[in-house]
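Worksheet for the structure shown next.
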Amino acid sequence: MLSYLLPFLFLFPVADDAPATPPAFVNVAAQLGVASDNAARTQLIDVNGDGWLDLVIGGSPFRILISQPAPDGKGRTFIEGTKGTDLDDRDHSQLLWGDINGDGKLDALSIVVQTAAQYQKTPQTYAVYWGDGHGHFKRQKKTGLEQKRHTATHGAVLTDLDLDGNLDVAFGNQYDGSSLEAQPMRVFKGDGRGHFTDVTVTWGFPTRTVVPGAAHAPRPLYGLTAADLDNDGYPELIGAAYGRQWNTLWKRTATAPFYDDMAANYGIDADAIRHGRYSDAVKASQK
């Protein structure tokens with residue numbers, strides 16, 4: 292007589308009296324008045340000089356939410372304050388903040404990304420707004436940053452590149468329309484009084500594209516950062532290029548033209564494919 296041992300699995304409920312672990316983060320955006328359906332280039336900065344960080348939301352609609360004490364006296368909340376700043380004259384894609392005119396007060400540099408068609412209809416260019424230190428800003432009519440065509444700026448930095456005590460600005464740009472050619476990065480030297488001079492060429496940055504994607508051609512930059520990587524006091528400019536394009540790392544040199552792309556030396560430019568050219572398939576897709 293054969294006998295069989297059949298395996299059975301019995302599951303019994305076990306009471307768990309342990310309290311549930313509370314979430315580490317809770318979404319309180321609506322509660323604090325900062326919920327937004329469209330947010331880009333969001334920044335926390337003390338816009339009105341009261342010592343509390345305000346919330347700046349780029350894009351359309353552009354918004355500035357001012358920090359203030361909560362009505363119940365517990366903590367803080369945010370209220371709509373865009374119109375009160377006089378920065379409501381256009382939808383800023385991105386704002387850069389710093390003392391541009393040397394008066395010790397916070398100023399703003401505005402970037403609006405447009406297509407060629409948008410620029411032709413309603414031209415927008417780089418603009419500077421001087422601040423009064425209390426959250427009010429006035430647009431300056433002419434600063435030297437004005438452009439005669441649309442700009443596709445997706446990354447920018449406001450910093451002292453040449454260590455003369457004045458803020459300079461660099462704009463990292465992406466593709467020019469639907470072509471494979473990128474708009475050149477533009478660099479402007481500030482005079483500390485609110486005006487800028489284009490030093491892109493004299494400081495050694497490329498402006499001419501012979502073959503899109505080739506070495507020393509302008510790159511489609513979707514991000515730009517300034518940081519002193521080698522502790523020489525001068526900030527390097529690190530550009531994050533789109534897709535398989537080479538990243539850039541512009542290091543300041545002792546003599547003119549002052550800047551050289553050292554990304555390959557630091558090993559951050561690309562992978563083992565070194566030619567940087569677009570494949571035939573990519574070029575065909577753009578026709």
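Under our numbering, think of the first position of the sequence shown as 292, with each following residue one higher. Backbone N, C-alpha and C fix where the C-beta goes; we use that ideal spot for every residue, glycine too. Remember, predicted model here, so these are calculated numbers, not experimental data.
Mind checking residue i: buried by the 16 CB within 10 Å criterion, or exposed?
{"i": "residue 578", "result": "exposed"}
{"i": "residue 576", "result": "exposed"}
{"i": "residue 426", "result": "buried"}
{"i": "residue 358", "result": "buried"}
{"i": "residue 429", "result": "exposed"}
{"i": "residue 294", "result": "Note on residue 294: pLDDT 46, under 50, position unreliable in the model; the coordinate value appears next. It is exposed - the Cβ of residue 294 has fewer than 16 other Cβ atoms within 10 Å."}
{"i": "residue 442", "result": "buried"}
{"i": "residue 556", "result": "exposed"}
{"i": "residue 292", "result": "Unreliable positioning characterises residue 292 in this predicted model, as indicated by a pLDDT of 45, which lies under 50. The coordinate reading is nonetheless provided below. Exposed: under 16 other Cβ atoms inside 10 Å."}
{"i": "residue 549", "result": "buried"}
{"i": "residue 475", "result": "buried"}
{"i": "residue 318", "result": "exposed"}
May I have the straight-line CA-CA distance separating residue i from residue j, to the nearest angstrom?
{"i": "residue 311", "j": "residue 356", "result": "35 Å"}
{"i": "residue 350", "j": "residue 434", "result": "23 Å"}
{"i": "residue 574", "j": "residue 470", "result": "9 Å"}
{"i": "residue 446", "j": "residue 380", "result": "22 Å"}
{"i": "residue 508", "j": "residue 562", "result": "18 Å"}
{"i": "residue 535", "j": "residue 554", "result": "14 Å"}
{"i": "residue 296", "j": "residue 314", "result": "Because the pLDDT at residue 296 is just 49, under 50, the model does not fix this residue reliably, and the point stays unresolved."}
{"i": "residue 421", "j": "residue 438", "result": "19 Å"}
{"i": "residue 396", "j": "residue 388", "result": "10 Å"}
{"i": "residue 572", "j": "residue 514", "result": "26 Å"}
{"i": "residue 468", "j": "residue 516", "result": "24 Å"}
{"i": "residue 558", "j": "residue 360", "result": "49 Å"}
{"i": "residue 402", "j": "residue 560", "result": "27 Å"}
{"i": "residue 532", "j": "residue 362", "result": "46 Å"}
{"i": "residue 391", "j": "residue 398", "result": "6 Å"}
{"i": "residue 417", "j": "residue 570", "result": "34 Å"}
{"i": "residue 583", "j": "residue 518", "result": "Residue numbering for the chain in the displayed model covers 292 to 578; residue 583 lies beyond these limits and cannot be assessed."}
{"i": "residue 448", "j": "residue 457", "result": "13 Å"}
Can residue i and residue j be called in contact, C-beta distance under 9 Å?
{"i": "residue 455", "j": "residue 483", "result": "yes"}
{"i": "residue 527", "j": "residue 512", "result": "no"}
{"i": "residue 404", "j": "residue 368", "result": "no"}
{"i": "residue 329", "j": "residue 372", "result": "no"}
{"i": "residue 400", "j": "residue 386", "result": "yes"}
{"i": "residue 348", "j": "residue 331", "result": "yes"}
{"i": "residue 334", "j": "residue 323", "result": "no"}
{"i": "residue 485", "j": "residue 364", "result": "no"}
Starting from residue i and walking both ways along the beta strand (DSSP E), at which residues does that stretch end?
{"i": "residue 358", "result": "354-360"}
{"i": "residue 478", "result": "477-481"}
{"i": "residue 420", "result": "418-422"}
{"i": "residue 446", "result": "444-450"}
{"i": "residue 571", "result": "Residue 571 -> not in any beta strand (DSSP E); alpha helix (DSSP H) instead, spanning 571-576."}
{"i": "residue 464", "result": "459-464"}
{"i": "residue 315", "result": "Segment: none, residue 315 is in no beta strand (DSSP E) and carries neither H nor E."}
{"i": "residue 516", "result": "512-518"}
State yes or no: is the beta carbon of residue i nearer than 9 Å to at least one beta carbon in chain B?
{"i": "residue 327", "result": "You won't find chain B in this structure, because it holds only one protein chain."}
Comparing the CB of residue i with every heavy atom of the ligand ATP, is any distance shorter than 8 Å?
{"i": "residue 438", "result": "By its list of ligands, the structure shown contains no ligand whatsoever, and the ligand ATP lies outside what it can speak to."}
What first and last residue would you give for the alpha helix (DSSP H) that runs through residue i?
{"i": "residue 453", "result": "Counting along the chain, residue 453 falls outside any alpha helix (DSSP H), and DSSP gives it neither H nor E."}
{"i": "residue 533", "result": "Per DSSP, residue 533 belongs to no alpha helix (DSSP H) and is neither H nor E."}
Decide yes or no for the touch test of the segment 502-512 against the segment 487-494: beta carbon pairs closer than 8 Å, at least 3 of them.
no
How do the segment 452-464 and the segment 476-486 stand: do at least 3 beta-carbon pairs fall below 8 Å, yes or no?
yes
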